[in-house]
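Novice: My questions will all concern the structure given below.
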Amino acid sequence: MSVKGGEDVEGKVIEQKAYALLKEAIKQRASDVHFVPAGEQYTIYFQTVATRRMVDQFPIEYGKRLIAHFKFLSRLDVTESRYPQSGAFERTIDEKTYNVRLSTLPAFPHESAVLRIQLQEQLIPLERIAWKKQWYESLVSILRAKQGLFLVTGATGTGKTTTLYAMADYAVRTDGRHVMTLEDPIERRLPHLLQVEVNDQRQFGYEEGLRAMLRHVPDVIVLGEIREEKVAHTAVRAALTGHLVLATVHSSSLDGILYRMLDFGISFELLRQTMLGGLTQTLHKKGDHLRPHLTLLCGHSLTEAFQQIERRTIARERTVESMAFEQVIDAKRHRTRA
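Its first residue numbered 78, the sequence shown is counted upward by one per residue in the working numbering.
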């Protein structure tokens, strides 16, 4: 057998193993497949809603070739392992199409990778996600706003992006608004939305993409995630100048989304002018299915959250002033004794 023939056979084996791995993950209802380097081998884990379970182990070189294959499918640089990369591809398995997102991380001594698997099903309408009347009415009211900022938070795999897509779809189909998305990567291609994918390798990140989008005068902007100070400030400016901005942000609690924005350097008054509300999303079992549960921060609850932040800020300032005053008194006493 020629060298080229041997490489072709090895490539086919890797391709078949990659397909089998995805198929088994789908069979076990795993949302993520983790490639974790450990010593001289890769350990493979399947992540479901409740558990993370080891399912296989491969020699390091074999694991590297699997990751390289998934990079190739995701149109990433297969030779680059020194920097994080992210991409996506589609695969049809058992007559169903799945969207697979790949994220790599340059861990020591070998690269780590995670695959996120999502069924490319029809878009879930807003009324099915916000299945309680008060949830639905609150979200529709927010989507009717001409401008402002609405943030979604929740654990990984709870459907935050699905909710944003449903809200964007409602804005287009019901109100005829011009909606643009900025994603990393695009998770689901929707023909009625103008979708833009960030590309850090080409210096086209969230900040650059958001500034460019504003020139196209969208009514609604959907951001995959606010994770940097500059992006947060640009999003707030957009929300103050005639755009409805919907985005996800990492936070450990619902009112924590406000503290997160303050951590990004957004002033309290500016945030209060901009924020329309937010929600945190979890998934609860209902029979054989998972059902979204939303907790909303809007209207009266949003006002209360801002008031609580204000009270804490005032109390903290008084404490600082009191400590400073005591230090001055102590200094005077010390000088008097001297």
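By construction, the Cβ of each residue, glycine as well, lies at the ideal position given by its N, Cα and C atoms.
(1) For the ligand NAD, any of its heavy atoms closer than 8 Å to the Cβ of Ser329?
(2) Leaving out five residues before and five after Glu302 in sequence, what residues of the same chain have Cβ atoms less than 8 Å from its Cβ?
(3) When DSSP labels each residue in this structure, what does His310 get in the three-state scheme?
(4) Roughly how many whole angstroms lie between the Cα atoms of Leu241 and Pro369?
(5) Counting only the same chain and skipping the five closest in sequence on each side, list residues whose C-beta sits under 7 Å from that of Thr420.
(6) Give the list of continuous alpha helix (DSSP H) stretches no shorter than 4 residues that lie fully inside the segment 178–207.
(7) Less than 9 Å between the C-beta atoms of Leu200 and Ala248, yes or no?
(8) What's the C-alpha gap between Glu417 and Gly234?
(9) With DSSP as the reference, identify every bridge partner of His111, one or two as the case may be.
(10) Name, in chain order, the residues that DSSP records as bridge partners for Glu260.
(11) Could you give the distance in angstroms between the alpha-carbon of Arg250 and the alpha-carbon of His310?
(12) In the DSSP output, what is Phe227 paired with across the bridge?
(13) Which residue marks the beginning of the alpha helix (DSSP H) containing Asp171, and which one marks its end?
(14) The beta strand (DSSP E) that contains Thr239, what's its start and end?
(15) Reducing DSSP to helix, strand and coil, say where Phe341 ends up.
(16) Identify whether Thr359 lies in helix, strand or coil by the three-state DSSP scheme.
(17) Which one of Val113, Leu98, Ala115 and Phe123 has the shortest CA to CA distance from Ala107?
(18) Where do the ends of the beta strand (DSSP E) carrying Phe135 lie?
(19) Locate the beta strand (DSSP E) running through Leu153, then write down its first and last residues.
(20) Between the C-alpha atoms of Tyr119 and Phe147, what's the straight-line distance to the nearest angstrom?
(21) Can you give the Cα-Cα distance for Phe345 and Val256, rounded to whole angstroms?
(22) Classify Thr357: buried if its beta carbon has 16 or more other beta carbons within 10 angstroms, exposed otherwise.
(23) From the DSSP output, in three-state form, read off Tyr139 for me.
(24) By a C-beta neighbour count over all protein chains shown, 10 Å radius and 16 as the cutoff for buried, is Gln280 buried or exposed?
(25) Assuming Ile334 and Ala315 form a contact by the criterion Cβ under 8 Å, report the distance between their Cβ atoms to the nearest whole angstrom.
(26) Considering Arg288, what are the terminal residues of the alpha helix (DSSP H) in which it resides?
(27) Is Ala190 buried or exposed, if buried means 16 or more other CB atoms sit within 10 Å of its CB?
(28) How should His187 be labelled, buried or exposed, when 16 other C-beta atoms within 10 angstroms of its C-beta is the threshold for buried?
(29) Is it true that the CB of Leu271 sits closer than 9 Å to the CB of Met352?
(30) Of the choices Arg129, Thr359, Pro268 and Thr258, whose alpha-carbon is the least far from that of Ala312?
(31) Three-state secondary structure (DSSP) at Val86?
(32) How is the beta strand (DSSP E) around Val299 delimited, first residue to last?
(33) If you check the beta carbons only, do Ile206 and Arg142 fall under 9 Å apart?
(34) Starting from Leu220, trace the alpha helix (DSSP H) both ways and give me its first and last residue.
Specialist: So, from the data block:
(1) What this structure holds is no ligand at all, so the ligand NAD is not there to describe.
(2) Asp261, Tyr283, Ala324, Thr325, Val326 and His327
(3) helix
(4) 13 Å
(5) Because the chain is modelled from 78 through 415, residue 420 falls outside the range shown and cannot be assessed.
(6) Segments of the alpha helix (DSSP H) lying fully in the segment 178–207: 203–206.
(7) no
(8) With the chain covering 78 to 415 only, the question about residue 417 has no answer from this structure.
(9) Tyr122 and Val191
(10) Answer is Glu274.
(11) 29 Å
(12) BP columns for Phe227 point to Leu323 and Gly354.
(13) Asp171 -> no alpha helix (DSSP H), and no H or E assigned at all.
(14) Per DSSP, Thr239 lies in no beta strand (DSSP E); the unbroken alpha helix (DSSP H) holding it starts and ends at Lys237 to Arg250.
(15) coil
(16) strand
(17) Of the listed residues, the one whose Cα sits closest to Ala107 is Phe123.
(18) Arg129 to Pro136
(19) Element bounds for Leu153: n/a, residue is neither H nor E.
(20) 15 Å
(21) 28 Å
(22) buried
(23) DSSP places Tyr139 in helix when its eight states are reduced to three.
(24) exposed
(25) Actually they are not in contact, since the Cβ atoms of Ile334 and Ala315 sit about 17 Å apart, beyond 8 Å.
(26) Tyr283 to Leu291
(27) Under a 10 Å Cβ-count criterion, Ala190 is classified as buried, with 16 or more other Cβ atoms of the shown protein chains found around its own Cβ.
(28) buried
(29) no
(30) Thr258
(31) Assignment of Val86 by DSSP, reduced to helix, strand and coil, places it in the helix class.
(32) Val297 to Leu300
(33) no
(34) Lys210 to Leu220
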